[in-house]
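Have a look at the structure below, then the notes.
Residue numbers (the working numbering): 4 to 532.
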């Protein structure tokens, strides 16, 4: 009988240890380890100089390959912790381009709105193009992301949690690498932070959010903290590494941290005209956190509340480029819509679900509400394939290049509860065709072909061809209409022409996943074929 009574007593003891006071015990221990409530409260301003190294996995040569170098940067962060104002001065070198590209700019947050002073991207908004000196208000989504990450990195985050106990709740221990760490959840301004603690020191070890990645689905996005040093009586982490499902994305090192510097109000000034049109932070699951964070470091973020197009210029357009063939225009990446007798084929699904939904609506409106039977994807890079899940939910068969089927199969089966996209709401089994040489779809008098070519941009690269229109389609390897042909052919252009020749195609025109259209004869002449 004694043994039967001991089990409930043990469970009761465990329950009490993790009850209402358990979470505050963890927070209180962390606050003390950081220097104590008084010292943290006296930290009113901070100036931080540091550097960052960034990698990108979703644009590697082949799926699940080693990451590509994205950018490296030096920065100075100045924060008024009392008012919430912040300024980050960036000197960033984009490494993905053939020749490294330097971007110097400042991000400013004050009074709930944000502003970017300078040129921070190859994709500039209408406001930035017309501004002198260049600059633009942050979109609501970017404002939200910047505020979230500043809060996550704040030396006073644990103090905020201590003085707001109603927003802190106990959760089970969390897995971080090969460790199980005690944790609490902190809910603030529609964000949920999972804060994990080192059992020995009591210091915060990781701060996690659950973000949606279009390839990996619902994911752990962690800030791992280390290299703790005392600054003005407060311990501050000098090593901050962002991890997506345990893979390093951003490695930040603080070189110098100054406590309570005098900060001029002019540091946080936002131009009057910009403030008049600025927007406050967006909230909820519609914010594409991973896309905007990583695309920003990639040096090619379109900072717009349209997410996929500049709202100042209006919605995108579906432009006819041949009979029964239309190209999306006015977005960072293009799709192509091809009309068959009873259905439609779409080439590429750039950016994400918002763009895919727009393209589907526009295509059906233009082409008598015909269903979309096929989505053909040129390659696996996320800026041209992020919206593919929407087409699976639409019922389309997806055509991909050699070696890419497993990658897309996973993409179509991952959980997306954090964003609750259309495929999550209406699960649909994906039909995927992997092209190892060529695959031709025919109906009536029209044929559409997908052709595999060996290319250095990505493994599994496909080009598409509509014979009756003598129209080809390629993405990233030629962007006709966006930039002129170079004086000498690049390796990528040579590979494209070789692929056209190998498959015996006879295009007059090529359309691009970027840009508009171009004369193929001019490219063939440049290459010498």
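Glycine included, each C-beta is placed from N, C-alpha and C at the ideal position.
Practice task
Can you give me the Cβ contacts of residue 405 inside the same chain, cut-off strictly under 8 Å, excluding the 5 residues immediately before and after it?
Solution key: Taking the chain shown and counting its residues from 1, the one referred to as residue 405 is at position 402. For residue 405, where only same-chain residues beyond five positions count, the Cβ hits under 8 Å are 437, 438, 439, 455, 462, 463.
Problem - Burial state of residue 512, where buried means 16 or more other Cβ atoms lie within 10 Å - result: As a working mapping, residue 512 is identified with position 509 in the chain shown. Under this definition residue 512 is a buried residue.
Problem - Exposure label - residue 452; buried when at least 16 CB within 10 Å - result: On the chain shown, position 449 is the one that residue 452 refers to. Burial call: buried.
Problem - For residue 87 and residue 114, the rounded distance between their alpha carbons - result: As a first step, residue 114 is located in the chain shown; it is residue number 111 there, counting from the start. As a first step, residue 87 is located in the chain shown; it is residue number 84 there, counting from the start. Taking the straight line joining both Cα atoms gives about 8 Å.
Problem - Enclosing alpha helix (DSSP H) for residue 44 [first to last residue] - result: Mapped onto the chain shown, residue 44 falls at position 41. Unbroken alpha helix (DSSP H) run through residue 44: 40-45.
Practice task
Could you please give me the residues that DSSP links to residue 174 through a beta bridge?
Solution key: As a position in the chain shown, residue 174 is number 171, starting the count at 1. Residue 174 is bridged to 186.
Problem - Anticipated Cβ contact below 8 Å, residue 46 with residue 265, distance rounded - result: Residue 46 sits at position 43 when you count from the first residue of the chain shown. Residue 265 sits at position 262 when you count from the first residue of the chain shown. Residue 46 to residue 265, Cβ: 14 Å. No contact.
Problem - Continuous beta strand (DSSP E) stretch holding residue 107: start and end - result: For this step, residue 107 is matched to residue 104 along the chain shown. 104-113 is the span of the beta strand (DSSP E), which, as asked, contains residue 107.
Exercise for the section: Would you check if the distance between the CB atom of residue 77 and the CB atom of residue 54 is smaller than 7 Å? Expected result: Translated into the one-based positions of the chain shown, residue 77 becomes position 74. Translated into the one-based positions of the chain shown, residue 54 becomes position 51. Closer than 7 Å, so yes.
Problem - Expected contact under 8 Å - CB spacing of residue 424 and residue 356 to nearest Å - result: Walking along the chain shown from the start, residue 424 turns up at place 421. Walking along the chain shown from the start, residue 356 turns up at place 353. Residue 424 to residue 356, Cβ: 5 Å. Contact.
Exercise for the section: Would you mind stating whether residue 322 and residue 469 have Cβ atoms separated by less than 7 Å? Expected result: Working through the chain shown from its first residue, we reach residue 322 at position 319. Working through the chain shown from its first residue, we reach residue 469 at position 466. No, Cβ-Cβ distance for residue 322 and residue 469 is not below 7 Å.
Practice task
Starting from the Cα of residue 353, find the closest Cα among 333, 344, 347, 345 and give me that residue.
Solution key: Residue mapping note: residue 353 aligns to position 350 of the chain shown, counting from 1. Closest by alpha carbon: 333.
Problem - Straight-line Cα distance separating residue 382 from residue 388 - result: Reading the chain shown from its first residue, position 385 is the one you call residue 388. Reading the chain shown from its first residue, position 379 is the one you call residue 382. Taking the straight line joining both Cα atoms gives about 7 Å.
Problem - Stretch pair the segment 87-100 + the segment 311-329: three plus CB contacts closer than 8 Å - result: no
Practice task
Check whether the Cβ atoms of residue 298 and residue 346 sit closer than 7 Å, and answer yes or no.
Solution key: As a first step, residue 298 is located in the chain shown; it is residue number 295 there, counting from the start. As a first step, residue 346 is located in the chain shown; it is residue number 343 there, counting from the start. Contact: no.
Problem - 8 Å Cβ shell around residue 139 - same chain, five flanking residues per side excluded - result: Taking the first residue of the chain shown as position 1, residue 139 is located at position 136. Hits under 8 Å: 118, 119, 127, 128, 130, 131, 277, 306.
Practice task
For residue 519, I'd like the list of residues in its chain whose CB is within less than 6 Å of its CB, leaving aside the five on either flank, ordered along the chain.
Solution key: Residue mapping note: residue 519 aligns to position 516 of the chain shown, counting from 1. Excluding sequence neighbours, residue 519 sits near 484.
Exercise for the section: Count the C-beta pairs between the segment 440-449 and the segment 474-482 that are closer than 8 Å, then say yes if the count reaches three, no if not. Expected result: no
Exercise for the section: Rank 192, 58, 238 by C-alpha distance to the C-alpha of residue 41 and give the top, closest one. Expected result: Walking along the chain shown from the start, residue 41 turns up at place 38. Checking every option, the nearest Cα to that of residue 41 belongs to 238.
Practice task
Pick helix, strand or coil for residue 376, following the three-state DSSP scheme.
Solution key: By one-based count along the chain shown, residue 376 stands at place 373. DSSP places residue 376 within a strand segment (E or B) once states are collapsed to three.
Practice task
Decide yes or no for the touch test of the segment 176-187 against the segment 142-156: beta carbon pairs closer than 8 Å, at least 3 of them.
Solution key: Because the criterion of three Cβ pairs below 8 Å is not met, the segment 176-187 and the segment 142-156 do not touch.
Practice task
Apply the 10 Å Cβ neighbour rule to residue 401 and answer buried if 16 or more other Cβ atoms are within range, or exposed otherwise.
Solution key: Locating residue 401 in the chain shown gives position 398, where the first residue counts as 1. Classification for residue 401: buried.
Exercise for the section: Give the single residue among 160, 310, 339 whose Cα lies nearest to the Cα of residue 37. Expected result: Taking the first residue of the chain shown as 1, we reach residue 37 at position 34. Checking every option, the nearest Cα to that of residue 37 belongs to 160.
Exercise for the section: Might you give, ordered along the chain, the residues of its own chain that have their beta carbon closer than 7 Å to the beta carbon of residue 229, omitting 5 neighbours on each side? Expected result: Sequence index remark: in the chain shown, residue 229 carries index 226 (1-based). Shown here for residue 229: same chain residues with a beta carbon closer than 7 Å to its own, the five before and five after excluded, namely 240, 242 in chain order.
Exercise for the section: Taking the CB atoms as reference points, tell me whether residue 200 and residue 189 lie closer together than 7 Å. Expected result: The residue given as residue 200 occupies position 197 in the chain shown. The residue given as residue 189 occupies position 186 in the chain shown. Cβ distance not < 7 Å, so residue 200 and residue 189 don't count as in contact.
Exercise for the section: Could you give the DSSP three-state label for residue 126: helix, strand or coil? Expected result: Within the chain shown, the letter at position 123 stands for residue 126. Here residue 126 sits in coil by DSSP.
Exercise for the section: Can you give me the start and stop residues for the beta strand (DSSP E) that residue 139 sits inside? Expected result: Here residue 139 refers to the residue found at position 136 of the chain shown. That run of the beta strand (DSSP E) goes 138-140.
Exercise for the section: Measuring alpha carbon to alpha carbon, tell me which of 255, 210, 348 ends up nearest residue 80. Expected result: On the chain shown, residue 80 is found 77 positions in, with the first residue counted as 1. When only C-alpha atoms are compared, the closest one is 255.
Practice task
Identify which residue in 350, 360, 326, 331 has its Cα closest to the Cα of residue 344.
Solution key: As a first step, residue 344 must be located in the chain shown, where it is residue number 341. Taking residue 344 as reference, the option from 350, 360, 326, 331 with the minimal CA-CA separation is 326.
Practice task
Tell me whether residue 175 is buried or exposed, calling it buried when 16 or more other Cβ atoms sit within 10 Å of its Cβ.
Solution key: For the purposes of this step, residue 175 is taken as residue 172 along the chain shown, with counting starting at 1. With fewer than 16 other Cβ atoms within 10 Å, it is exposed.
Problem - Per-residue DSSP class, three states only, for residue 522 - result: Counting from one through the chain shown, the residue named residue 522 turns up at place 519. Of the three classes helix, strand and coil, the one that applies to residue 522 here is strand, per DSSP.
Exercise for the section: From the DSSP output, in three-state form, read off residue 29 for me. Expected result: The residue labelled residue 29 in the question sits at position 26 within the chain shown. In the structure shown, residue 29 sits in a helix (DSSP, three-state: H, G or I).
Handout entry: Residues that DSSP places opposite residue 59 in a beta bridge
Key = In the chain shown, the residue the question calls residue 59 occupies position 56. Answer is 71.
Exercise for the section: Reducing DSSP to helix, strand and coil, say where residue 149 ends up. Expected result: Taking the first residue of the chain shown as 1, we reach residue 149 at position 146. DSSP places residue 149 in helix when its eight states are reduced to three.
Exercise for the section: Indicate whether residue 510 and residue 449 have their beta-carbon atoms separated by less than 7 Å. Expected result: By one-based count along the chain shown, residue 510 stands at place 507. By one-based count along the chain shown, residue 449 stands at place 446. Not a contact, by the Cβ cut-off of 7 Å.
Exercise for the section: Determine the burial state of residue 185: buried for a count of at least 16 other Cβ atoms within 10 Å of its Cβ, exposed for fewer. Expected result: Locating residue 185 in the chain shown gives position 182, where the first residue counts as 1. With 16 or more Cβ atoms within 10 Å of its Cβ, residue 185 is classed as buried.
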